[in-house]
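Reviewing the structure listed below.
Residue numbers (the working numbering): -15 to 215.
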């Protein structure tokens, strides 16, 4: 029983430490993973994982090793922010893999990328043919940014001479039958208004609503549990 309790405590401590480190490093670490970030995450996970299953390692040692590694990562992130010259070495740099509609084979080879991988990344970026691409840049996080050729670029409202309209952000008011009160203030409405809008849709209470979204100058969008079960 003592071993199970020890493992449970170490897991909770390890999870807490990892969460704190990730919060300190910032949200961009989740989406913009560079090769260095990937290695750091592997090592940090390995430190905690080995410590959990090695009963000779104490909780204090787990905390010390994890915090030390977190501090080292933070220092390196700080250096890359303050010293531009270090970014190329630690994070890499973007590479142009398609230039003026021409594939850059040497660049692909340098980055250990084949045509199939490039096509997959282009499709994820919304381009389904290499012929449609004027420039493609392989970013440091492994994704590809695409500038399409003018013939394949989507026209804007300005190109079509369509009058511009003000843009507003949709705001979620109900999730899983629960009212998101902070978002009511953001939308500039109150519970009474919401109840009236729900009544117009023959909905008696918020608990019946799976999802509700407010959008300026548009009717309240709702999805009830009953609707979701019938589809």
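Don't be surprised by glycine CBs; every beta carbon is placed ideally from N, CA and C.
How would you call residue i, buried or exposed, if buried means at least 16 neighbouring beta carbons within 10 angstroms?
| i | result |
| --- | --- |
| residue 187 | buried |
| residue 110 | exposed |
| residue 117 | buried |
| residue 54 | buried |
| residue 99 | exposed |
| residue 57 | buried |
| residue 45 | exposed |
| residue 122 | buried |
| residue 82 | buried |
| residue 128 | buried |
| residue 50 | buried |
| residue 52 | exposed |
Helix, strand or coil for residue i per DSSP?
| i | result |
| --- | --- |
| residue 212 | helix |
| residue 190 | helix |
| residue 123 | coil |
| residue 129 | strand |
| residue 86 | strand |
| residue 49 | helix |
| residue 196 | strand |
| residue 157 | strand |
| residue 162 | strand |
| residue 204 | coil |
| residue 141 | coil |
| residue 81 | strand |
| residue 172 | coil |
| residue 149 | coil |
| residue 76 | coil |
| residue 183 | helix |
| residue 15 | Its pLDDT being 47, under 50, residue 15 is placed unreliably in this model, and the value from its coordinates should be taken loosely. The answer is helix: DSSP assigns residue 15 an H, G or I state. |
Quick check: is any heavy atom of the ligand NAD less than 6 Å from the C-beta of residue i?
| i | result |
| --- | --- |
| residue 107 | The ligand NAD is absent from the structure shown, which contains no ligands of any kind. |
Short of 7 Å in beta carbon distance, which residues of its chain neighbour residue i, apart from the five on each side in sequence? Order them along the chain.
| i | result |
| --- | --- |
| residue 209 | 192 and 194 |
| residue 148 | 141 |
| residue 159 | 195 |
| residue 185 | 206 |
| residue 204 | 181, 196 and 198 |
| residue 136 | 116 |
Who are the Cβ neighbours of residue i in its own chain at under 6 Å, not counting the five residues just before and after it?
| i | result |
| --- | --- |
| residue 85 | 118 |
Just to confirm my understanding: we take residue i, look at its own chain, exclude 5 residues before and 5 after, and list those with CB closer than 8 Å. What are they?
| i | result |
| --- | --- |
| residue 176 | none |
| residue 91 | 79, 80, 81 and 122 |
| residue 207 | 193, 194, 195 and 196 |
- Message: Taking 8 Å as the cut-off, does the stretch 190 to 206 touch the stretch 152 to 159 (at least 3 CB pairs, one atom from each stretch)?
- Response: Cβ pair count under 8 Å is three or more, so yes.
- Message: Check whether the stretch 135 to 142 and the stretch 154 to 169 are in contact - that is, three or more C-beta pairs closer than 8 Å.
- Response: Because the criterion of three Cβ pairs below 8 Å is not met, the stretch 135 to 142 and the stretch 154 to 169 do not touch.
- Taking only runs of the beta strand (DSSP E) that begin and end inside the stretch 91 to 123, which ones reach a length of at least 3 residues, in chain order? Within the stretch 91 to 123, the beta strand (DSSP E) runs of at least 3 residues that lie entirely inside it are, in chain order, 117 to 122.
- Message: Whether or not the stretch 131 to 138 and the stretch 171 to 178 are in contact is what I'm after, with contact meaning three or more pairs of Cβ atoms, one per stretch, closer than 8 Å; do they touch?
- Response: Because the criterion of three Cβ pairs below 8 Å is not met, the stretch 171 to 178 and the stretch 131 to 138 do not touch.
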